[in-house]
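This report refers to the structure that appears directly beneath it.
There are 2 protein chains.
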Amino acid sequence: MQTVRAVHSSATEASSPPTATARKALITRQDIIDAALRLIGPHRSVSTLSLREVTREAGIAPNSFYRHFHDMDELAVALIDMAGQSLRQIIREARLRVSATQEVTRPSVAVFMDQLASDAKLLHVLLCEGIVGSDSYKQAVERELQYFEDELCVDLVRLAEDRGQQVTEPALAAKAITRLVFALGGTAIEASPEQRAAITDEMVTMIRMIIFGAQAMTLTAQETPATRAVP
Amino acid sequence: MQTVRAVHSSATEASSPPTATARKALITRQDIIDAALRLIGPHRSVSTLSLREVTREAGIAPNSFYRHFHDMDELAVALIDMAGQSLRQIIREARLRVSATQEVTRPSVAVFMDQLASDAKLLHVLLCEGIVGSDSYKQAVERELQYFEDELCVDLVRLAEDRGQQVTEPALAAKAITRLVFALGGTAIEASPEQRAAITDEMVTMIRMIIFGAQAMTLTAQETPATRAVP
DNA sequence: CGCGCCAGTATACATCTGTATAGACAGGCG
DNA sequence: CGCCTGTCTATACAGATGTATACTGGCGCG
Numbered sequence: 000m001q002t003v004r005a006v007h008s009s010a011t012e013a014s015s016p017p018t019a020t021a022r023k024a025l026i027t028r029q030d031i032i033d034a035a036l037r038l039i040g041p042h043r044s045v046s047t048l049s050l051r052e053v054t055r056e057a058g059i060a061p062n063s064f065y066r067h068f069h070d071m072d073e074l075a076v077a078l079i080d081m082a083g084q085s086l087r088q089i090i091r092e093a094r095l096r097v098s099a100t101q102e103v104t105r106p107s108v109a110v111f112m113d114q115l116a117s118d119a120k121l122l123h124v125l126l127c128e129g130i131v132g133s134d135s136y137k138q139a140v141e142r143e144l145q146y147f148e149d150e151l152c153v154d155l156v157r158l159a160e161d162r163g164q165q166v167t168e169p170a171l172a173a174k175a176i177t178r179l180v181f182a183l184g185g186t187a188i189e190a191s192p193e194q195r196a197a198i199t200d201e202m203v204t205m206i207r208m209i210i211f212g213a214q215a216m217t218l219t220a221q222e223t224p225a226t227r228a229v230p
Numbered sequence: 000m001q002t003v004r005a006v007h008s009s010a011t012e013a014s015s016p017p018t019a020t021a022r023k024a025l026i027t028r029q030d031i032i033d034a035a036l037r038l039i040g041p042h043r044s045v046s047t048l049s050l051r052e053v054t055r056e057a058g059i060a061p062n063s064f065y066r067h068f069h070d071m072d073e074l075a076v077a078l079i080d081m082a083g084q085s086l087r088q089i090i091r092e093a094r095l096r097v098s099a100t101q102e103v104t105r106p107s108v109a110v111f112m113d114q115l116a117s118d119a120k121l122l123h124v125l126l127c128e129g130i131v132g133s134d135s136y137k138q139a140v141e142r143e144l145q146y147f148e149d150e151l152c153v154d155l156v157r158l159a160e161d162r163g164q165q166v167t168e169p170a171l172a173a174k175a176i177t178r179l180v181f182a183l184g185g186t187a188i189e190a191s192p193e194q195r196a197a198i199t200d201e202m203v204t205m206i207r208m209i210i211f212g213a214q215a216m217t218l219t220a221q222e223t224p225a226t227r228a229v230p
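If you read the sequences in order, they're chains H and F. Going letter by letter, the first sequence gives residues 0 to 230 in numbering that gives the first Met the number 0. Going letter by letter, the second sequence gives residues 0 to 230 in numbering that gives the first Met the number 0.
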């Protein structure tokens, strides 16, 4: 486990007055959060960050951390909460864009991918800690995903009603879409723009499969119970 | 996947004969792999294991590790490969069970969940390293998932042909199913048996949605281009 | 002004990590 | 038997980490 922490001090430690050691005027929670966000990336999850690493990146003394967070866990929860806010932003933005167009799926996926690009770190937090985090992390992540699912479910039902159709188990369809989009989003985080576009197209088709399927299953249930076998 | 593990005495360090220090007769790669598997769990990914930790669990000296693996990375790759074998086992077993029944989806999902229960650690490796691992880990994981997708795609096409139906973009449907199942499987790893059963039911319905959807989209494309709007 | 308070820092320590070096023991072969 | 070779262990070291203790300097308030 060789630490390849290259020089990198240029960005953080440049404004040292001639005096011995400059004292940071005021450290805010946000400063520390920003430093943590700068550190996490495709290969670093929050749970693997060390306290000293974060304070080093923030340009403060290790002990100063405790003035703002009791734990590293507290930092992680703060990050997960921020990621949740990012999620809500996606939903809001998607509804705005959708209400102005005919299509539904594509603009929504586009919003998701846009937010993924700008808030990659935050959404990555959700992905990582939902799988590898401690129990409390996982619960926090699950809560945020659940919120996303619930909102999506509402939209699915409304969409179907607007078109005079039914959708079986919209909650399940919403869950499938959510989990699928997040799983694929995880692989898209470090993709090139053209790969990203391809993933977007794939996502759109997959989501349409799920929506069509949820609608088709109502038809089979009431119309043709025998002609189309249950796979 | 039978684990032909050696004696591997007690937990860590209990069986010291009167002599100074007992020397391990023969250390095998498998001993070290088993120790690593014992250590990883819901909150521990391979990338966070330390060399000393693994050797401690294996009951050997830290340096003995190097006789069998050049790196911790090499251990991780070995684990991912084992997880891949576990995947192939799932496909084989599912095909066996399916050929004996009418239903397709449910027995396949059941096989997956069974394997998840018995090889939870291995499949967890795939989940973790696919998200948080280094680039080479991610590539290795992606390779295994791709294999799973390809096999599933073949089955999807055959299933549709047997019933005289078409499926649009079977590769995409297979990818959607694969990613969805793995994402949900990740949350099922530490679930109770009844939660697990509920997740299984959900999975079955979701997969049917995707399959139905992939079939319904062929209908809309050729029959009614206007009556059913694209969502 | 004096003074306490607080947000910052420096130093220190025990513990962990990876790994380099050297030693001990068993087995095969002359 | 002697010796070499391969495998495992012991010791040691430099660096990292979390945190306890003691410090320092600027701020507002009496």
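All C-beta atoms, glycine included, are put in the ideal place defined by N, C-alpha and C. Keep in mind the model is a prediction, meaning the values are calculated, not measured.
For the region 205-218 of chain H, residues whose beta-carbon sits nearer than 7 Å to a beta-carbon of chain F comprise M205, R207, M208, I209, I210, F211, G212, A213, A215 and M216. Against chain H, the CB of C152(F) has no partner CB under 8 Å away; the residue lies outside that interface. A distance below 6 Å between beta-carbons, with the five flanking residues on each side excluded, links P169(F) to the following residues of its chain, in chain order: C152, L155 and V156. Cβ-Cβ distances below 7 Å link V131(H) to S44 and S46 in the same chain, with the five nearest sequence neighbours on each side left out; the list follows chain order.
The continuous stretches of alpha helix (DSSP H) do not include I26(H), and DSSP gives it neither H nor E. Exclusion of the five residues before and after G185(H) leaves H123 and L126 as the residues of its chain whose Cβ lies within less than 8 Å of its Cβ. For the alpha helix (DSSP H) assignment, the uninterrupted runs of no fewer than 4 residues enclosed by the region 49-89 of chain F are, from N- to C-terminal side, 50-57.
When 8 Å is used as the limit between beta carbons, A182(H) is near these residues of chain F: R178, L179, F181 and A182, in chain order. Around E141(F), the same chain offers G129 as residues with beta carbons nearer than 8 Å, after the five sequence neighbours per side are excluded.
Look at the region 37-60 of chain F: the residues with a C-beta under 9 Å from a C-beta of chain H are P41, H42, R43, S44, S46, T47, S49 and L50. Distance from the CA atom of T217(H) to the CA atom of Q164(H), rounded to whole angstroms, is 9 Å. Residue state for R195(H) is assigned as helix, using DSSP reduced to three classes. When I39(H), A213(H) and R207(H) are compared, the shortest CA-CA separation from M208(F) is found for A213(H). Taking 8 Å as the cut-off, the beta carbon of A77(H) is found closer than this to the beta carbon of I32(H). The closest CA to that of S117(F), considering only P192(F), K137(F), D72(F) and S49(F), is found on P192(F). With a 10 Å radius around the Cβ and a threshold of 16 neighbouring Cβ atoms, L25(F) comes out exposed. K120(H) counts as buried, since at least 16 other C-beta atoms from the protein chains shown sit within 10 angstroms of its C-beta. Beta bridge pairing from DSSP links R43(F) with G40(F).
E193(F) has a beta carbon lying at 8 Å or more from every beta carbon in chain H.
If you ignore the 5 residues before and after M71(F), its C-beta comes within less than 6 Å of the C-beta of L50, all in its own chain and listed in chain order. Pairing L171(F) with E201(H) gives a Cβ-Cβ distance under 8 Å. I176(F) is not a Cβ neighbour of A187(F), given a cutoff of 8 Å. The beta carbon of R195(F) is closer than 7 Å to those of M112 and A187 in its chain, skipping five residues each way along the sequence. For I59(H), the CB contacts under 6 Å within the same chain, skipping 5 residues up- and downstream, are K23 and I26 in chain order. E189(F) and R37(F) have their C-alpha atoms roughly 15 Å apart. For A196(F), there are no C-beta contacts with chain H under 9 Å, since the nearest C-beta of that chain is about 15 Å from it. DSSP places R162(F) in the coil class of the three-state scheme, outside both helix and strand.
When the five nearest sequence neighbours on each side are left out, the beta carbons in the same chain lying within less than 7 Å of the beta carbon of L158(H) are those of V103, in order along the chain. In summary, Q114(F) is buried, with 16 or more beta-carbon neighbours lying within 10 Å of its beta-carbon over all protein chains present.
Taking a Cβ-Cβ cut-off of 7 Å, the neighbours of I130(F) in chain H comprise L126, C127, I130 and G185, given in sequence order. By the neighbour-count criterion, in which a residue is buried when 16 or more other Cβ atoms sit within 10 angstroms of its Cβ, T100(F) is exposed.
Taking 8 Å as the CB threshold, S133(F) lines the interface with chain H. Under the three-state reduction of DSSP output, D33(H) falls in the helix class. Assignment of Q214(F) by DSSP, reduced to helix, strand and coil, places it in the helix class.
The three-state secondary structure of Q101(F), taken from DSSP, is coil.
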